[in-house]
Each structure stands twice: as C-alpha cells, then as structure tokens.
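J.: Input: one structure, supplied below.
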Amino acid sequence: MDYGISGRVAIVSGGSRGIGRAIATTFAHEGAKVVIASRTLSNLEETLAELEEIAPGRVHGIAASMTDPESVARVVAESRDRFGPISIAISNVIGHVIDAAKEGSGPGAGTFEGMGTEAYREEFTQLLISSWALARACVPDMQHQGWGRICNIGSGVAREPSTNLPHLLPNVVRAPVAGMHRLMAARLASDGITVNNILTGSILTERNRSYWVWLARERNITVAEATQDMTDRIPLGRFGEPSEMAALVAFLCSDRARMVTGQSIPVGGGGSAHL
Amino acid sequence: MDLQLRDRRVSVFGPDVGIVAACRRVLLAEGAVLAESSSGDSYPEADVVIAVGGVRPGSDLLEISDPDELYAAWDDVTNAVDAYRAALPRMLDQKWGRFIWVGSAQAKSVDAEADELAAMASLGMLGLHKVITGEVGSNAITANAVLRGGIATDEDVANAVTFLCSEGAAYLSGITITVDGGAGSGIF
Chain W
875 MDYGISGRVA IVSGGSRGIG RAIATTFAHE GAKVVIASRT LSNLEETLAE LEEIAPGRVH
935 GIAASMTDPE SVARVVAESR DRFGPISIAI SNVIGHVIDA AKEGSGPGAG TFEGMGTEAY
995 REEFTQLLIS SWALARACVP DMQHQGWGRI CNIGSGVARE PSTNLPHLLP NVVRAPVAGM
1055 HRLMAARLAS DGITVNNILT GSILTERNRS YWVWLARERN ITVAEATQDM TDRIPLGRFG
1115 EPSEMAALVA FLCSDRARMV TGQSIPVGGG GSAHL
Chain L
2 MDLQLRDRRV SVFGPDVGIV AACRRVLLAE GAVLAESSSG DSYPEADVVI AVGGVRPGSD
62 LLEISDPDEL YAAWDDVTNA VDAYRAALPR MLDQKWGRFI WVGSAQAKSV DAEADELAAM
122 ASLGMLGLHK VITGEVGSNA ITANAVLRGG IATDEDVANA VTFLCSEGAA YLSGITITVD
182 GGAGSGIF
C-alpha cells in the first residue's frame, strides 16, 4: 500500500531508541524526510547511521530537549531549514523518572499518600507541555500546506489507569494528554490536519526491560517471573514489537487515514478492557 | 431522604465562587459543618473535600503561546491534591471520607465552545480518582467527580455533589456524574 507520505517532512521526538526509532525507520522506508530529536547525542548518532542506510540524504538528527518549548521551536526551525515545511509531528517523550537508580527508567512510581505535587508538575512538563509545544510549533506549516499529521505516543493508562502498578504520575497526566489531542483534533480538522493518540500497551522496549528489573526487585520475585506475570495479562500472549506500534502510527500518518482523527487507539495485544 | 451528613466536616474551595457557595449552602442545610484549618495557609483536615475547578470559557490550547497558562490550569489539579492529602490522615483514621472534584463535562464530550483548559484539568483528576480508589478505597474513602455542562446551575451541581457525599453513594468511587441537562452526546 502506498501511504502517500513520500517526500513529506516528519519530526520524531525521542526518535533514537525504542518506539521512536521504529517509527523513524518506518517513515524512512516510506520515503519521508525524517528528523529525529533526542537528548543523548551518542544514541542519536547510532540510530542516524542505521537510518542513513535506508534513506541516504533524507535523515537528520538534532540533540535537544523536547520538553522545553523554546528548544522544541528551535528543532522545528532547524528541520524546516534542512528539509522544508513540516507535515508530520510525532511526540514521543517519556514520563518523569523520579529515581533512575531505584526504578530503572520506568514510569513515575509513587502513591497518592506519599507523593508531593512538585512531581505532578514535572510529569505535566514531560508529557503534556512537550507534545503541546511540538504540535503548536508545527501547526502553521501544516495549515499552510492544508495537510498535516500529529500523533502522540501516549499510554493505555490514559483510558484505564493502572491500579495494580504504582504508576501515580502517568495515571494522572496521560488522560489530560489524550484529551488535549482530542481537543486539538476538533480545532484542526478543517485544515486537513489529523490528530491522534496511541494508547501504548505492552511493547517490548529496552525501557520496559529495565522496568521489569525494578518491578521484580519491588515484588521480591525473579525478572522472569515479573515478565511472565505481565505477559499473562495480554490476551495475545506476548509483548508487542516496537515495529508493531510503528505500523499503526505510519497508517495514521498516511494519506489513507485522512478521515481518522481525534482518536486514542490502543496497541496492546488486546490488553485493554474498555469498550 | 436522610443523607447522613449531620456534623460531617466539609471543606469546599476553588475559584468558582458561585459553585463553592452553592455546595456549602446545600451541605449545611443537610447538617454538615464547615471544616476550618488550624493555620490560615493550609487546607483543613476535613471529612469531605470538594475541589472546584476554574472555568476559562472558550480557552483554546492552540491559541495559547505562554506555557504558564497551561501550568496555571494545572494548578487546579495540584491544589486539589494538596487539599486531599491534608485531609487523608483523618479519613484513614476514622475509615470514612469523600473526595469530590467539580469539573468540566468537556472532559468526556467535546463541543465547539470547549473550555479546553478545564477539560484537561478534569481528565487529570479522573485519573487521580482511580488511583485513590485503588489505594485507599477499602477504608470507605471514595473519590468521584461531578462534571458540569450545558446550562447547569450552581444549584444543580451542588445537588449532585451532596448526593456523592451521602451514605447512599458509599459504593460509588472513581466515577463521574455529568450534570448537563442531556447536552453531551457521548454514550460512555
């Protein structure tokens, strides 16, 4: 199927690892011009080398924070200078990591009783301000072209907050992010711009692996047991690959998905219970 | 019906003075009393905490240029969290408590005149209520929301809030009651 995005300029935040890297790779295969942004230069260089093999001359990397609106605006301006107006914006920023030494790079663990509100604000910056800033910086280009795709890599806890895992911060902030995308979709539909949100479920990333190590320690079980426990909750009986997330994202960003907007769609092997 | 709210200590706060006043009026008529904080700058240890979100009619997330406007709306959430946590020890001790958020129906069903900042804050509170329900619900502490829409009056909202405070609502937690006169179009 021709997705109709050949030559389109796409920005993928958090594009150097995991889900972001898989999305950037898929876009590169589909002929898009791809800019990946991430904080860590070494990760960026490794991924860029891979992408360059697929799409010589059509990839660019920028080391930058994607949570600070001014930094995001600089990334968008540099991308435009390099490849032209932006058509596709993928927001993929992880939540506030409270203590990486203790919880790996897993989502902000804590309880309602114990957690102060400063951490809520940090999570709001990581997840909501970041995606708002990227969308806002790219929308003028999209309006000018009469075509745009905004997609946020969110979490299933937006619709079904997890109460069996201590994920207070994502439980509180992921739903506002999903709502924000729904609201932006309504504002932008008449400009030919679609806005969607992925409810990420159980996807096999390095981050998830490090989270299981933390979870196993927290529950005093082995990593294999923690992994099995998580796997048992998935109707399809396995974790998904990042490329399986990228497949949906690429479809939503294609010309074929022009009628799909304002949606929050789970990718989790049937693990979401909500209708 | 006796709502069994006599002498319950209630704390109602938020920038919407009309709804705050209406909630106090209806609850006091049921025999509840206003909780007072021991010091002027902290939230009281109440039996019932009602946090009312602000309204910013017609706010448009894409028109906003200063992220501080988003943070200001988020302050409605963190203020509610501070008030909830101030009351929690007393609720855990007595094994009874009510947390109620009053927010925007646009959290669930978007319309053209959406108050987008209020919808965003309300969605955060709905997530928080699920966490609270899982964490402390077994202590007969509930956390629910009243979402206002359409042309609901302050009194309409206060009536739903008061019901959620009552004993009749003891088995409801993590839910929302939309008070919008049927204006919203969503089924779920």
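Protein chains in written order, with my numbering: chain W, 875 to 1149; chain L, 2 to 189.
A virtual CB, placed ideally from N, CA and C, is assigned to each residue, including glycine.
No experiment lies behind these values; they were computed from the predicted model shown.
1) Return helix, strand or coil for L1039(W), following the three-state DSSP convention.
2) Measuring only the C-alpha atoms, how far is V27(L) from V21(L)?
3) Name the residues in the stretch 996–1023 of chain W whose C-beta lies less than 9 Å from a C-beta of chain L; which are they?
4) How far does the alpha helix (DSSP H) with L1002(W) in it reach, from first residue to last?
5) Determine, using beta carbons only, whether G1(L) and D181(L) come nearer to each other than 9 Å.
6) I need the DSSP call for F14(L), collapsed to helix, strand or coil.
7) Would you say G125(L) reaches chain W, if we count a Cβ-Cβ gap shorter than 9 Å as a contact?
8) Report the rounded CA-to-CA distance for A1007(W) versus E168(L), giving the unit in angstroms.
9) Can you tell which of T914(W), E992(W), S880(W), T1074(W) has the C-alpha that lies nearest to the C-alpha of S1117(W)?
10) Would you call the stretch 1085–1105 of chain W and the stretch 90–99 of chain L touching, i.e. three or more CB-CB distances under 8 Å?
11) For C1025(W), which of helix, strand or coil comes out of DSSP?
12) Ordered along the chain, which non-local residues of its own chain (more than five positions away) have a Cβ less than 8 Å from that of Y877(W)?
13) I'd like the span of the alpha helix (DSSP H) that includes A902(W), first residue to last.
14) Report the three-state DSSP secondary structure of L1073(W) (helix, strand or coil).
15) Starting from the Cα of E1(L), find the closest Cα among V137(L), D69(L), F14(L), R86(L) and give me that residue.
16) Can you say whether D1106(W) is buried or exposed, counting buried as having 16 or more other CB atoms within 10 angstroms of its CB?
17) Could you check what DSSP says for I188(L) in three-state terms: helix, strand or coil?
18) For A1007(W), does the three-state DSSP call read helix, strand or coil?
19) I'd like to check one pair, G1136(W) with S1076(W): are the Cβ atoms closer than 9 Å?
20) Hey, quick one: how far does the alpha helix (DSSP H) through T134(L) stretch, first residue to last?
21) Is Q95(L) close to chain W, meaning its C-beta is less than 9 Å from at least one C-beta of that chain?
22) For R932(W) versus K907(W), is the C-beta spacing smaller than 9 Å?
23) Please identify, using Cβ separations under 7 Å, the residues of the stretch 1086–1104 of chain W that lie next to chain L, in order along the chain.
24) For G888(W), does the count of other Cβ atoms within 10 angstroms reach 16, so buried, or fall short, so exposed?
25) Is the number of C-beta pairs between the stretch 914–925 of chain W and the stretch 961–971 of chain W that are closer than 8 Å three or more?
26) Three or more beta-carbon pairs under 8 Å between the stretch 949–969 of chain W and the stretch 991–1007 of chain W, yes or no?
27) What does DSSP give as the partner residue(s) for V56(L) in the beta ladder?
28) Rounded to a whole number of angstroms, what is the C-alpha to C-alpha distance between A898(W) and S912(W)?
29) Comparing C-alpha positions only, which one of F189(L), G135(L), E70(L), E114(L) sits nearest to N1038(W)?
30) Residues of chain W with a CB under 9 Å from the CB of F14(L): which are they?
31) So, is R193(L) buried or exposed, given that buried needs 16 or more other C-beta atoms within 10 angstroms?
32) Would you mind giving the Cβ-Cβ distance between V193(L) and C166(L), rounded to the nearest angstrom? I have them listed as a contact below 8 Å.
33) Whose CA, out of H1018(W), I893(W), P943(W), R1081(W), lies closest to the CA of N1026(W)?
34) For A106(L) and A74(L), I'd like the C-alpha separation in whole angstroms.
T.: So, from the data block:
1) Residue mapping note: residue 1039(W) aligns to position 165 of the first sequence, counting from 1. Of the three classes helix, strand and coil, the one that applies to L1039(W) here is coil, per DSSP.
2) In the second sequence, counting from the first residue as 1, residue 27(L) sits at position 26. In the second sequence, counting from the first residue as 1, residue 21(L) sits at position 20. Put simply, the backbone Cα of V27(L) is about 10 Å away from that of V21(L).
3) When CB distances to chain L are screened at a threshold of 9 Å, the residues of the stretch 996–1023 of chain W falling below it are F998, T999, L1002, I1003, W1006, A1007, A1009, R1010, V1013, in chain order.
4) Here residue 1002(W) corresponds to residue number 128 of the first sequence, with the count starting at 1. Where L1002(W) is concerned, there is no enclosing alpha helix (DSSP H), given that its DSSP letter is neither H nor E.
5) Since the displayed chain L opens at 2 and closes at 189, residue 1(L) lies outside it and no answer follows.
6) Counting from 1 along the second sequence, the entry for residue 14(L) is found at position 13. F14(L) falls in the strand class under three-state DSSP.
7) Walking along the second sequence from the start, residue 125(L) turns up at place 124. Yes, G125(L) counts as interfacial toward chain W.
8) Counting from 1 along the first sequence, the entry for residue 1007(W) is found at position 133. Counting from 1 along the second sequence, the entry for residue 168(L) is found at position 167. Near 45 Å, if we compare the C-alpha coordinates of E168(L) and A1007(W).
9) Reading the first sequence from its first residue, position 243 is the one you call residue 1117(W). Out of T914(W), E992(W), S880(W), T1074(W), T1074(W) has the C-alpha closest to the C-alpha of S1117(W).
10) Touching, no.
11) Numbered from its first residue, the first sequence carries residue 1025(W) at position 151. In the three-state reduction of the DSSP assignment, C1025(W) falls in the strand class.
12) Numbered from 1 along the first sequence, position 3 holds the residue referred to as residue 877(W). The residues are E904, A1124, F1125, C1127, S1128, D1129, R1130.
13) To locate residue 902(W), count along the first sequence from 1; it is residue 28. Start and end: 892–903.
14) For the purposes of this step, residue 1073(W) is taken as residue 199 along the first sequence, with counting starting at 1. In the structure shown, L1073(W) sits in a strand (DSSP, three-state: E or B).
15) Summary: the structure shown does not reach residue 1(L), with chain L confined to residues 2 through 189, and so no result is reported for it.
16) As a first step, residue 1106(W) is located in the first sequence; it is residue number 232 there, counting from the start. When all chains shown are included, D1106(W) counts as exposed.
17) Here residue 188(L) corresponds to residue number 187 of the second sequence, with the count starting at 1. Residue state, collapsed to three classes: coil.
18) As a working mapping, residue 1007(W) is identified with position 133 in the first sequence. The three-state reading of DSSP puts A1007(W) in helix, counting H, G and I together.
19) Taking the first residue of the first sequence as 1, we reach residue 1076(W) at position 202. Taking the first residue of the first sequence as 1, we reach residue 1136(W) at position 262. Cβ atoms of S1076(W) and G1136(W): not closer than 9 Å.
20) Along the second sequence, read from residue 1 onward, the residue named residue 134(L) stands at position 133. Residues 117–137.
21) Your numbering for residue 95(L) matches position 94 in the second sequence. No, because no Cβ of chain W sits closer than 9 Å to the Cβ of Q95(L).
22) Within the first sequence, numbered from 1, the residue matching residue 932(W) stands at position 58. Within the first sequence, numbered from 1, the residue matching residue 907(W) stands at position 33. With contacts defined as CB atoms closer than 9 Å, R932(W) and K907(W) qualify as a contacting pair.
23) Listed by position, the residues of the stretch 1086–1104 of chain W near chain L (Cβ gap below 7 Å) amount to none.
24) Start at 1 with the first residue of the first sequence, and residue 888(W) comes out as number 14. Under this definition G888(W) is a buried residue.
25) With the cut-off at 8 Å, the stretch 914–925 of chain W and the stretch 961–971 of chain W do not touch.
26) Judged by Cβ distances under 8 Å, the stretch 949–969 of chain W makes contact with the stretch 991–1007 of chain W, as three or more pairs qualify.
27) Locating residue 56(L) in the second sequence gives position 55, where the first residue counts as 1. Paired residue(s): none; V56(L) is not in a bridge.
28) The residue given as residue 898(W) occupies position 24 in the first sequence. The residue given as residue 912(W) occupies position 38 in the first sequence. One C-alpha to the other measures close to 12 Å.
29) As a first step, residue 1038(W) is located in the first sequence; it is residue number 164 there, counting from the start. The residue from F189(L), G135(L), E70(L), E114(L) with its alpha-carbon nearest to that of N1038(W) is G135(L).
30) As a position in the second sequence, residue 14(L) is number 13, starting the count at 1. Chain W residues near F14(L): none, gap ~15 Å exceeds 9 Å.
31) Limits of chain L in this structure are 2 at one end and 189 at the other, which puts residue 193(L) out of reach.
32) Residue 193(L) is absent from the model: chain L starts at 2 and stops at 189.
33) On the first sequence, position 152 is the one that residue 1026(W) refers to. Per the Cα distances, I893(W).
34) Indexing the second sequence from 1 puts residue 106(L) at position 105. Indexing the second sequence from 1 puts residue 74(L) at position 73. For A106(L) and A74(L), the distance between alpha carbons rounds to 16 Å.
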